[in-house]
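Numbering (UniProt numbering), first residue to last: 1 to 407.
Beta carbons: idealized from backbone N, C-alpha and C, even for Gly.
For reference, the structure is listed below as structure tokens.
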């Protein structure tokens, strides 16, 4: 098993070589036990879940490094999550490398929908994100480009989590109005159906590999900048485009107003998730997520898609799934505190997930109101998928600890 070193001790990057190991458990059954009418009367809010029978939680940034856990997370008293992890079957455990350019939950989604091969390291989600945002990718290759803030550190540049900028729609529209003609003059097509997610397509950029912004956030951006996949060299076309935009935004009224309010400037753009749309199939009848990548994959595959409710008890408010379908719910509450390394907030967010999702879902499984509960926990590089039926909860001899899955 790979052990992640603290960032200060990590070895020099070789981003051309990635290693991943995947451990597969035997296939597990998907029981579809009929639910009595009396049960439906007692639990009227569970109707759509009962029809779906299977529920899957995808939880990004749930697996901190062993070093971070040892220094900052002295207790993880989460009984429901602990019982699920202990009693469930380990379906898959994927271990990644420190310098992979995509995130494990992105790769997991892309693999499950068939957008990439099982052994692929990329996550070409931009065309599906474009679908979720209301655009039309067609057959072209698209990359997602986001306005960001890059901070000057002592001897390097650091990317700030784009979400922390809280760019308003008006700010994003004004910045795009300035950037669009500069981009289009270089022969690059632009679609911008979402205020702060823009999509670019050009043969000049088609061979570039970018990095997920949350993969690079808080780190020296040098190794995460776009490079040519064949040669590993920086793209002159991208550097020219990026420089043009940066110069145009330097004294932009949006940034002057942000500076006056003490807010960081929007001073660069970030390139990631490039790919062309291909046919996909959904293992889920319904996908509930705030992620445009997850929603776009679902829509492209003909599945229902929407945002997640606030808690498990409200899950049945969405559209019902077919009897043999499954519902995927992406729970992203741990993302920001993980990226910011704020472990007190991360701990509190995990407690909220325990209260609102894990405990009531475990109770529903134990009472037979759902047939199967699966859980995919992801970290910075790794992912673990576990699945449990009602019968698995009685297998007291299974004693897997959550900490055993940490990176």
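Could you give the DSSP three-state label for residue 257: helix, strand or coil?
Taking the first residue of the chain shown as 1, we reach residue 257 at position 257. Three-state result, residue 257: helix.
Please check the pair residue 326 and residue 276, which I expect to be a contact at CB under 8 Å, by giving their CB distance rounded to whole angstroms.
Within the chain shown, residue 326 is the residue found at index 326, counting from 1. Within the chain shown, residue 276 is the residue found at index 276, counting from 1. Rounded, the Cβ-Cβ distance is 28 Å, inconsistent with contact.
Counting pairs of beta carbons, one from the region 139-158 and one from the region 211-226, are three or more of them closer than 8 Å?
yes
DSSP beta-bridge partners for residue 198?
Residue 198 sits at position 198 when you count from the first residue of the chain shown. In DSSP, residue 198 forms a bridge with 145.
Status (buried if at least 16 other CB within 10 Å, exposed otherwise) for residue 314:
Counting from 1 along the chain shown, the entry for residue 314 is found at position 314. With fewer than 16 Cβ atoms within 10 Å of its Cβ, residue 314 is classed as exposed.
Assign residue 409 to one of three DSSP states: helix, strand, or coil.
The structure shown does not extend to residue 409, since the chain is modelled only from 1 to 407, so the question has no answer here.
Contact belief for residue 427 with residue 229 at Cβ below 8 Å, rounded distance in angstroms
One cannot answer for residue 427 here, as it falls past the ends of the chain, which runs 1 to 407.
Among 299, 80, 63 and 272, whose alpha-carbon lies nearest the alpha-carbon of residue 131?
On the chain shown, position 131 is the one that residue 131 refers to. Residue 299 is the option with its Cα nearest to residue 131.
As an exercise, report each continuous alpha helix (DSSP H) stretch of at least 4 residues that is fully enclosed by the region 337-363, in chain order.
343-353
Suppose you measure from the CA of residue 94 to the CA of residue 253; what does that come to, to the nearest Å?
Along the chain shown, one-based indexing puts residue 94 at 94. Along the chain shown, one-based indexing puts residue 253 at 253. For residue 94 and residue 253, the distance between alpha carbons rounds to 46 Å.
Find the nearest neighbour of residue 335 within the set 92, 54, 164 and 56, judged by alpha-carbon distance.
The residue you call residue 335 lines up with position 335 of the chain shown. Closest by alpha carbon: 164.
Could you have a look at residue 329 and say whether DSSP puts it in helix, strand or coil?
Residue numbering aside, residue 329 sits at position 329 when the chain shown is read from its first letter. In this structure, residue 329 counts as strand in the three-state DSSP scheme.
Kindly indicate which three-state DSSP category residue 240 falls into: helix, strand or coil?
Along the chain shown, read from residue 1 onward, the residue named residue 240 stands at position 240. Three-state DSSP puts residue 240 in a helix.
How many angstroms separate the CA atom of residue 282 from the CA atom of residue 83?
In the chain shown, the residue the question calls residue 282 occupies position 282. In the chain shown, the residue the question calls residue 83 occupies position 83. One C-alpha to the other measures close to 29 Å.
Opposing strand residues paired with residue 379 [DSSP bridges]
By one-based count along the chain shown, residue 379 stands at place 379. DSSP, once it has assigned bridges, lists 63 as partnering residue 379.
Of all the options 245, 290 and 224, which has the alpha carbon lying nearest to the alpha carbon of residue 101?
For this step, residue 101 is matched to residue 101 along the chain shown. When each option's Cα is compared against that of residue 101, the closest is 224.
Please classify residue 389: does DSSP put it in a helix, a strand, or coil?
Taking the first residue of the chain shown as position 1, residue 389 is located at position 389. The answer is strand: DSSP assigns residue 389 an E or B state.
On the premise that residue 357 lies in contact with residue 57, defined as a C-beta separation below 8 Å, what is that separation, rounded to the nearest angstrom?
For this step, residue 57 is matched to residue 57 along the chain shown. For this step, residue 357 is matched to residue 357 along the chain shown. Indeed they touch by this definition, with Cβ atoms about 7 Å apart.
Decide if residue 71 is buried, meaning its Cβ has at least 16 other Cβ atoms within 10 Å, or exposed.
In the chain shown, residue 71 corresponds to position 71, counting from 1. Residue 71 should be labelled exposed.
Since residue 191 sits in a beta bridge, which residues does DSSP pair it with?
Against the chain shown, residue 191 aligns to sequence position 191. DSSP, once it has assigned bridges, lists 199 as partnering residue 191.
Less than 8 Å separating the beta-carbons of residue 259 and residue 193?
Within the chain shown, residue 259 is the residue found at index 259, counting from 1. Within the chain shown, residue 193 is the residue found at index 193, counting from 1. Taking 8 Å as the Cβ cut-off, residue 259 and residue 193 do not qualify as a contacting pair.
DSSP three-state call for residue 212: helix, strand or coil?
Here residue 212 corresponds to residue number 212 of the chain shown, with the count starting at 1. DSSP places residue 212 in coil when its eight states are reduced to three.
Do you know whose CA, among 174, 301, 245 and 379, lies nearest residue 68's CA?
Taking the first residue of the chain shown as position 1, residue 68 is located at position 68. The shortest C-alpha separation from residue 68 is found at 379.
With distances taken from CA atoms, which of 53, 136, 64 and 55 is nearest residue 339?
Counted from its first residue, the chain shown places residue 339 at position 339. Cα-wise, what sits closest to residue 339 is 64.
Exposed or buried, what is residue 153 when buried is set at 16 or more other beta-carbons lying within 10 Å of its beta-carbon?
As a first step, residue 153 is located in the chain shown; it is residue number 153 there, counting from the start. Exposed, because fewer than 16 other Cβ atoms sit within 10 Å of the Cβ of residue 153.
Since residue 405 contacts residue 384 with CB under 8 Å, what's their CB separation in whole angstroms?
Position 405 of the chain shown, counted from the start, is the residue given in the question as residue 405. Position 384 of the chain shown, counted from the start, is the residue given in the question as residue 384. Confirmed, Cβ separation roughly 5 Å.
Proximity to residue 400 [Cα-Cα], best of 360, 85 and 79
By 1-based counting over the chain shown, the position of residue 400 is 400. It is 85.
Residue 418: buried (16+ other C-beta within 10 angstroms of its C-beta) or exposed?
Lying outside 1 to 407, the shown extent of the chain, residue 418 is not represented and no answer is given.
For residue 266, report the span of its alpha helix (DSSP H) as first-last.
By 1-based counting over the chain shown, the position of residue 266 is 266. Here residue 266 belongs to no alpha helix (DSSP H), and DSSP marks it neither H nor E.
Compare the beta carbon distance of residue 408 and residue 328 with 8 Å and say whether it is the shorter of the two.
Because the chain spans 1 through 407 in this model, residue 408 falls outside it and cannot be assessed.
Rounded to whole angstroms, what is the Cα-Cα separation between residue 352 and residue 120?
On the chain shown, residue 352 is found 352 positions in, with the first residue counted as 1. On the chain shown, residue 120 is found 120 positions in, with the first residue counted as 1. So the alpha carbons of these two residues sit roughly 34 Å apart.
Do residue 87 and residue 393 have their C-beta atoms within less than 8 Å of each other?
Taking the first residue of the chain shown as position 1, residue 87 is located at position 87. Taking the first residue of the chain shown as position 1, residue 393 is located at position 393. Yes, the Cβ-Cβ distance between residue 87 and residue 393 is below 8 Å.
Nearest by alpha-carbon distance to residue 199: which of 240, 138 and 261 is it?
Translated into the one-based positions of the chain shown, residue 199 becomes position 199. Closest by alpha carbon: 138.
Can you grab the Cα-Cα spacing for the pair residue 182 / residue 237, in whole Å?
Working through the chain shown from its first residue, we reach residue 182 at position 182. Working through the chain shown from its first residue, we reach residue 237 at position 237. Cα to Cα, residue 182 sits roughly 13 Å from residue 237.
What does residue 306 pair with, by DSSP beta-bridge criteria?
Counting from one through the chain shown, the residue named residue 306 turns up at place 306. Note: residue 306 sits in a beta bridge opposite 288.
Distance between beta carbons of residue 179 and residue 257, contact taken as under 8 Å:
Within the chain shown, residue 257 is the residue found at index 257, counting from 1. Within the chain shown, residue 179 is the residue found at index 179, counting from 1. That pair is no contact at about 17 Å.
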